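Read the structure below first, then the notes.
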Amino acid sequence: MNIMNKIDKWEAEHVNWSGAIHVFIGLGIAWLISLAWYYTLPVLIVGMVCLITGIAGLIYPLFAQQ
Numbered sequence: 120m121n122i123m124n125k126i127d128k129w130e131a132e133h134v135n136w137s138g139a140i141h142v143f144i145g146l147g148i149a150w151l152i153s154l155a156w157y158y159t160l161p162v163l164i165v166g167m168v169c170l171i172t173g174i175a176g177l178i179y180p181l182f183a184q185q
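Just so it is clear: in the sequence shown, position 45 is 164 by the numbering used here, and no numbers are missing.
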């Protein structure tokens with residue numbers, strides 16, 4: 120089975136998970152972009168944590184048992 124098909128199928132069955140993961144990715148990108156205005160370490164940490172959590176959530180369906 121194609122990797123993207125497996126991820127799409129899993130996310131179609133778990134729409135709340137998919138929505139939350141995409142919110143995490145959006146927040147991570149937003150916090151990292153906000154570094155352009157004022158560089159602070161907490162903003163960098165929160166942005167990276169959200170981005171890594173979002174990417175891990177997108178990869179999770181590859182390893183989920185069905």
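Backbone N, C-alpha and C fix where the C-beta goes; we use that ideal spot for every residue, glycine too. These figures come from a predicted structure and were not determined experimentally.
C-alpha distance - residue 180 paired with residue 148, whole-angstrom precision: If you take the alpha carbons of residue 180 and residue 148, they lie about 22 Å apart.
Pair within 7 Å by beta-carbon distance, residue 151 and residue 173: No, the pair does not count as a contact, with Cβ atoms beyond the cut-off.
Residue nearest to residue 170 in terms of C-alpha spacing, selected from 162, 135, 146, 130: Selected option, being the one with the closest Cα: 146.
Rounded separation between residue 160 and residue 134 - CA only: One Cα belongs to residue 160, the other to residue 134, and the distance between them is close to 33 Å.
Three-way DSSP call (helix, strand, coil) for residue 121 in this model: Note: residue 121 maps to coil in three-state DSSP.
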